Every structure is written in C-alpha cells, then in structure tokens.
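Going by the working numbering, the residue at position 21 of the sequence shown is 22; the numbering climbs one at a time, nothing skipped.
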Amino acid sequence: MTIVPIVLFAIVGAFLVMILREISPQTAFFLTLVIAMILFYQAITLVARIIVPLEQLALLANVNVLFFATILKIIGIAYISEFGMQIAKDAGATSIAGKIELIGKLLILVLSIPIVLAVVQAIQKLLPT
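Structure representation (structure tokens):
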C-alpha cells in the first residue's frame, strides 16, 4: 500500500471525526480510536516487512542477535507508547498520557541497560591497564 491511500483515509477520517465531535463526542472518540487502530495496523504490517532484511544486515555486520532484538523491542516500545499517549490525549486524559510516556521511557531504560553495559565493557577492553 502506498502512502496516498493511507493519508486520504486519515484525512477523510479526521473530517468525519470533526463533524461527529459536535453531534456526539463519544462516537467521535470511538471513530478516532478505530481509525487510529487501522492506521496502526498498517504501520505494523510495514514494520513486519523490514524486520527480516534488518536481521540479515545484523548478521552480515556480526551484530549480537540479542542486542538487535533488544533494539527492535525498544523501537516498538517507543512507537506503541507514543500511539497510546496520543490516543489518551485525544480523549482529553493528559494525565494518563503522561503516565504512558513515563512508563514507555522507563521500559526503554530497563531494556537498554545490557547494551550500555556491553559498550562499557568493550571500551574497558580497549583501554590499556
């Protein structure tokens, strides 16, 4: 799927939400959620198509598979938490949106610790003792 149908779908959806918001705010939010889920599904299918080539590149570059998987998880957490945060903001729940952002950042920090430790260990090996 190219970008044009996706953007057109999103624009039409945005206009429908804008019109519905005046008539029925609850229905408008539900429609926003459905449109966002469809767009998110499109994003996930695009990401799934690039994972195998990225894995092949990681193998060619002799990148540790564990680190590669961790980096993919970190990217996924970033996108998913951003998606959830935007939905919460659209619903007017900015406090919940902030908590989603905080938890996403904390999860990324937790997942990145082994990579940071490996980098520090590699630097230590390079330094003369």
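We put the beta carbon where it would ideally sit given N, CA and C, even for glycine.
Source: prediction; values computed, not measured.
According to DSSP, is G93 helix, strand or coil?
coil
On the criterion of 16 or more Cβ atoms from any shown chain inside 10 Å, does S82 qualify as buried, or is it exposed?
buried
Between the Cα of V53 and those of Y42, L40, F69, spot the shortest distance and give me the residue it belongs to.
F69
Measuring only the C-alpha atoms, how far is I75 from I24?
40 Å
By a C-beta neighbour count over all protein chains shown, 10 Å radius and 16 as the cutoff for buried, is V66 buried or exposed?
exposed
Helix, strand or coil at I46 according to DSSP, with G and I counted as helix:
The sequence shown places Thr at residue 46, rather than the Ile named in the question. T46 falls in the helix class under three-state DSSP.
What is the DSSP secondary structure of S25, reduced to helix, strand or coil?
coil
Note down the Cα distance separating I78 from I20, rounded to an integer number of angstroms.
33 Å
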